[in-house]
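Here is the structure we will look at, set down as structure tokens.
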Amino acid sequence: MFADDLILIIKGNMNQINEKLNAIYQVIVQFGLKPNEDKTEITQDLSKIKYLGIYLEKISHLVYNLKKVKETYNSSKQLFNNNLLTNNLKIRLFKSFILSQLTYGLEIYNYKIATLNYLNSWINTCITEICKINRNTPILIYKTEFKFENLVISINKKKFKFKNKLKELSLPYLEKINKI
37 MFADDLILII KGNMNQINEK LNAIYQVIVQ FGLKPNEDKT EITQDLSKIK YLGIYLEKIS
97 HLVYNLKKVK ETYNSSKQLF NNNLLTNNLK IRLFKSFILS QLTYGLEIYN YKIATLNYLN
157 SWINTCITEI CKINRNTPIL IYKTEFKFEN LVISINKKKF KFKNKLKELS LPYLEKINKI
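My numbering applies: residue 37 is where the sequence shown begins, and numbers increase by one.
Structure follows, in structure tokens:
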């Protein structure tokens, strides 16, 4: 079994980073997981990362990801236009198929608020189309009803959840990590 899709952002010099990675490795191994060294990458530059074997720049990643998500959304329109599905089910499908792809990996980049606002605007457009909501309806009403949140909040929650999960799973090791 592998520890998959783990993204770490660690601040410090190489010795500090190595100590933190070793502590994290101890936790991963404790749960019977092992890092795949062929797929593991350490980079100092967050303006580009290796994604599916290809180096992508920050903007290229977002453009590529958004294009892929829009294609998925457009190919799913027939499903979303099905009148037999409730709006709640349509939103759950949207969150599963579309939103999960859009937000995957966003937390590793420091996108400008304007970029995240653009993505939020696109999500709002999709929701109004899917649920056949009048565009003049206040966004807050349907965002509250379907439990949507701003991407900035969502990304910060993902970062916070990861840190808390690590605490929950490995309190003795976390003390070692925090001392580093």
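For each residue, glycine too, the CB sits at the ideal point set by N, CA and C.
The structure displayed is predicted, hence computed values, not measured ones.
Tell me which residues share the same chain as K126 and place their Cβ nearer than 7 angstroms to its Cβ, disregarding the 5 neighbours each side in the sequence. The residue you call residue 126 lines up with position 90 of the sequence shown. F116, I166, C167.
DSSP three-state call for K217: helix, strand or coil? This structure leaves residue 217 out entirely; the chain is present only between 37 and 216.
Taking the alpha carbon of S132 as the point to measure from, which residue in T108, N72, K56 has its own alpha carbon closest? Here the question's residue 132 lines up with position 96 in the sequence shown. Residue T108 is the option with its Cα nearest to S132.
State buried or exposed for V99, treating a residue as buried only when at least 16 other CB atoms are found within 10 Å of its CB. Locating residue 99 in the sequence shown gives position 63, counting from the first residue. The residue is exposed, with fewer than 16 neighbouring Cβ atoms inside 10 Å.
For G48, the three-state DSSP class (helix, strand or coil): Sequence index remark: in the sequence shown, residue 48 carries index 12 (1-based). It is coil, neither helix nor strand.
Which ranges does the alpha helix (DSSP H) cover as unbroken runs of at least 4 residues, wholly within the segment 106-130, from first to last along the chain? Counting only runs of 4 or more, we get 113-116, 123-130.
K168 (DSSP reduced to helix, strand or coil): For the purposes of this step, residue 168 is taken as residue 132 along the sequence shown, with counting starting at 1. Coil.
Compute the Euclidean distance between the alpha carbons of V63 and L138, then round it to the nearest angstrom. As a first step, residue 63 is located in the sequence shown; it is residue number 27 there, counting from the start. As a first step, residue 138 is located in the sequence shown; it is residue number 102 there, counting from the start. So the two alpha carbons sit approximately 29 angstroms from each other.
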